[in-house]
Amino acid sequence: MKHFAKTSCRLLAASLAAVQLMSIAAGAAFDSGFSYSYAVGEGLSYTRMEGKDSGGPQRANILTYQPNTGVSPVMVYADEQLYGSKATITNAVKYLENQGHTVIGGTNADFFVMSSGIPIGLVIDQGELISSDAWQYAVGFKADGTAVIGRPTMSMQVSGASGKVSVSYFNKTRTTAGAYLLDHNYDDSTHFSANGTNIILERVDDAPVTVNGSVKMKVINKGTGNSPLTITENQMVLTKSDGANVPSWVDFPIGEEVTLSVYAGDKNWSEVEYAVGGKLLIDNGTITTAGIDGGSSRRARSAIGVKADGTVILYEIDGNQSTHSAGLTAAQLGEQLKSLGCIRAVCLDGGGSSAMALRQPGDASASLISSPSDGSQRACANYIFFVNHVAADGVTARAVLTPSYRYLLPGASTWFSVKGADTSYGPAEAPTDLTYTVSDERGTVNGQTFTAGAQTGTATVTASNGAVQGEMQLCITGDVQSIAIQRDKKDISALSLKPGQSVDLTGIAYHLGRAMASADTAFTWSVSEGIGSVDANGVFTAGSAMAEGTLTCRYGNTHRSIPVSIGMGDPQDAQTLADFETDMDGCTAAGEFTLSRVTDFTAVARGTGSLCASYDGRKVLTATVLLPDAAVQNYRHLTLWARGENTQGTLTAVFADAEGNELTAPLSAPTATGWQQLTAAVPASAVQLTGIRFERTGSGSANSALYMDQIVLSADHAVTNTDVPAVKLNQTDITTAAGSSASVTGTATMEKGKYPARASNIAVKLDGKLLPGAASMSGSTMTVTTGSLASGTHCLTIDVSDDAGNRTRVSATITAGNANAVFSDTAKHWARGYASLLHTRDIMQGELSSDGALCFRPERNLTRKEFAVTMARLLGLDTSGGGKTDFTDDRSIPDWARGAVHAVADASIMQGSTIGGKLYFSPDAAVTRAEVMTVIGRCLPRGYAAGALTYKDTAAIPSWAVDQVKICTSAGVISGYNDNTLRPLGKITRGEIAKVLALF
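In our numbering, the protein residues as written are 10 to 1009.
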């Protein structure tokens, strides 16, 4: 985006005048309505109007303007040229503010073609005609701020010695509807794709195109065809499509001088500085909705109207949001503008385009105050803004009071902020020594806290210190439409407590979908029999025994009840949509993403796999990962892990409501080079999660990727806990009869012991093979049952994860019958069972002695080539590759180990070491404990705690091994010695590695 306006907005000389709050006519109010107004600039006030009608809640934003020199209206569009120019209202405000202008407020303007950004109607910028009216209605602003609303009905013609051509459209996309004229304000190109006839004109003078003005030009070229033509700054293209009926067409010869003339019957349009198009809504006090897009449907809408005295009303109402604002039909929009006193009005664009920005008094800049129906701001073609010309002096001229809550229950309190504003309504020091008065004795003020009285209605709080004053309006009402129950300032839908535990609950009343200032004592609290007691302040105390029941918070006829469980309750409702442990979990790409599942430990956040979306960051601005169908009605939170590689951006969760309309929710932070756990709130009206949208920020790189992992929906709270599950086995060395099963018991909890672990999140392996369904939970008690066990030693590993993907791993050794030794030299060795088990699993094989006995050599140090072979067998890697490796000492690798070395190197779990700039595998070197822990750590699922290292010889751990050592020791894969040393540089014996691998 290069520009919003071609040059700076006109700055008019200004003098400060008293501003009166503009009252809203009674007919404009909604049922159960409340509106409040305050000045935001010279002759400009803002009104917020809330209420409900037959469609549901309604929220409207209104700017009321009395033309003056201190504040003036302007029109801005998104670029120097119309074609493809679109911008959000926030970006439009930022642009003007970066140019040194003070934007007070404004809305979206004309309807436009979504694909090209071309507005449908008139565009006048600083008196220059940018685009013709196309027989649409328009609103224009003169230099003194006066508004003109009507149909411009302009005529344009190109005339010369050869004749006259009537121009139907100026700077609109060419169709067969007539003759078109395009200049550089349209674009650098005509964007033609259909056959037509073209005459290239070059300016003879520098006169801009104006209403009731003329421009002299000369024909410099002409031709036919369907290729786009370049439009330079001093050229115009007169053109018609093949098949267009243009009786007045003249085939001007090259070299002929011609004149473009523009004429409007109403001379007011020649005095207009800025203008935008729209659709007629009110004409001389009569509402008309013919031709308004979607005129019969409720939706967000924007409009502008003029009263008989010249006052301008800029109106925006939110829509398409069932719990926030339903929106209006076109006819209802007309009624609103008419009830506000407008005798003429045009409807501006609506739906996802409707938006209003406002600079609050005392603030430095304007920001979005409406709620876009798309869930995010839409880029639109042009905007109407009011800009300030009163010089800021920073001297406090008024007090600005802003309450934390605009609605209050009788007797409730709300804190309010106090800021200062200068004569330009910009920032100033907050006034002090204020004295407060409350209208009609509807409450009291203590410090900066207002407490409502018993009487309902509007309370006006006025602050004054004799030099400056200010006021705010609040609504005191008992009209409660819904109630939420909070714990620690977070909404809860259920409550799980331990016997005797107390918790302080808070009731929050809602009016028109907005939280009210509430007092716990204003509610009636009750509980079902047998679960405990609750007092008038909402403090609930659980009973002494396990029980289940209901707690209720009531105000009048409205109540909220939640289930209560005493004892360890079940964990919240949660669903893991995708963890990418075996495949891409049904994810597909929309846009220029290429998806793949990756397993390298550096590319995984949780578990053993993640999703990689590869793209060219130089070209891709946005793309979406489409998720498998997921109903979200019962969930309120989305959590996922994400990171960006080379190119970064923002992520947005994309949902759909019951009617298939798109809803969006931003993830909590932009992507970064490291893994982050991000969250988003599920929109209230969403029924389905459809995808995750990526939008690039800043420049991009060719080989870029977005990684995602562990995508989870949850009901009560986002699964952002970082503690690992607490798991403890009652026994870790178990003996049972051969042929029978074994039962291992213990406890497993998550989220700092608040909830039992889920049985579905417990992975059990017996002798390296998964045992689906082996784990069960009863409260916090975990029971793992094996099948029938053959005689010998068996190793059981239990991996428990929580909803966030944090993991804990425990293991047990089971001896069924006699643990006979397979190897002749391990009969009395402590590792005999582990060695025999690994032999049975074909992982470690031993060697024959000179007398033919099979020996394990448990006390011999393990070499790196042997370790590579055992790891390749343990992980089931493909060892068929027997060619030359990339290691400098490749010739030292024996043939029986070559395939395994290939496999572990390709899997990036054994990487060798660089000596003198060359990479060596060192196959005959004894493997160290640090090397073993590094390799094992790379193979473990991600999510184990990287615990602190407290060994006496921690400093001896090589820097390249520290991270994996932390994971291995925390996961219990390897432990230190009795003297609290880890001996990371010590050699590891075959007996020691046998136990490590057996319990892996």
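Glycine included, every Cβ here is placed at the ideal spot set by N, Cα and C.
Query	Result
Hey, Ala587 and Ile720: beta-carbon distance below 9 Å or not?	yes
By DSSP, does Asp500 sit in helix, in strand, or in coil?	strand
Kindly confirm or deny that the stretch 593–604 and the stretch 534–552 touch, where touching means at least three C-beta pairs closer than 8 Å.	no
State the Cα-Cα distance for the pair Leu715 and Ala651, rounded to the nearest angstrom.	7 Å
Can you check the stretch 689–740 for any beta strand (DSSP E) of at least 3 residues that lies completely inside it and give the ranges in chain order?	695–705, 713–723, 735–738
Pull up the CB-CB distance for Ser374 and Gln330, whole angstroms please, since I reckon it's below 8 Å.	No, Ser374 and Gln330 are not in contact; Cβ-Cβ is about 26 Å, not under 8 Å.
Should Arg900 be labelled buried (16 or more other beta-carbon atoms within 10 Å of its own) or exposed?	exposed
Taking the alpha carbon of Thr561 as the point to measure from, which residue in Ile492, Gly626, Asp582, Ser505 has its own alpha carbon closest?	Ile492
Short check: CB of Gly79 to CB of Val399, under 9 Å?	yes
Going by DSSP in three states, Ala639 sits in which element: helix, strand or coil?	strand
Taking all protein chains shown into account, decide if Asn655 is buried (16 or more other Cβ within 10 angstroms of its Cβ) or exposed.	exposed
What three-state label does DSSP hand Leu91 in the structure shown?	coil
Expressed to the nearest angstrom, what Euclidean distance is found between the alpha-carbon atoms of Lys1004 and Gly981?	12 Å
Output the boundary residues of the beta strand (DSSP E) element that contains His848.	Careful: His848 lies outside any beta strand (DSSP E), inside the alpha helix (DSSP H) at 841–849.
Tell me the DSSP secondary structure of Lys1004 in three-state form.	helix
Going straight from the alpha carbon of His1096 to that of Pro867, what length do you get?	The question about residue 1096 has no answer here: the residues shown for the chain are numbered 10 through 1009.
Jot down the residue ranges of each uninterrupted beta strand (DSSP E) in the stretch 286–319, minimum 3 residues, whole runs only, in chain order.	310–316
Counting only the same chain and skipping the five closest in sequence on each side, list residues whose C-beta sits under 6 Å from that of Thr888.	Ala881, Gly908, Ala909, Ala912
DSSP state of Phe876, grouped into three classes?	helix
Relative to the alpha-carbon of Ser348, which residue among Ala518, Ser623, Val733, Lys316 has its alpha-carbon at the smallest distance?	Lys316
Just to confirm before moving on: does the CB-CB distance between Met84 and Tyr392 stay below 9 Å?	yes
Inspect the beta-carbon positions of Arg407 and Val512 and report whether they are closer than 9 Å.	no
With DSSP run on the structure shown, which of helix, strand or coil describes Leu883?	helix
Between the beta-carbon of Gln482 and the beta-carbon of Thr460, is there less than 9 Å?	no
Just the Cα atoms here: how many angstroms apart are Leu1008 and Asp808?	11 Å
Our contact map puts Ile983 next to Met942 with C-beta atoms below 8 Å; I'd like the distance itself, whole angstroms only.	6 Å
What would DSSP say about Trp650, mapped onto helix, strand or coil?	strand
Using 8 Å for Cβ pairs, my map puts Ala188 next to Ser175. What's the rounded Cβ distance?	7 Å
Going by DSSP in three states, Asp666 sits in which element: helix, strand or coil?	strand
Given a cut-off of 9 Å, decide if Gly576 and Ser623 are closer than it, judged by their beta-carbon atoms.	no
When the Cα atoms are used, what is the spatial distance from Ile918 to Ala751?	34 Å
Leaving out the 5 sequence neighbours to the left and right, which residues in its chain are closer than 6 Å to Asn230 when beta-carbon positions are compared?	Ile209
Considering only their Cβ atoms, is the gap separating Ala821 from Leu738 smaller than 9 Å?	yes
When you compare each of Gly65, Tyr47, Gly64 to Ile71 by their alpha carbons, which one comes out closest?	Tyr47
Does the separation of the CB atoms of Thr648 and Thr682 fall below 9 Å?	no
Since I believe Arg615 is in contact with Leu660 (beta carbons under 8 Å), could you give me their beta-carbon distance rounded to a whole number of angstroms?	With 8 Å as the limit, Leu660 and Arg615 do not qualify as a contact, their Cβ atoms being about 17 Å apart.
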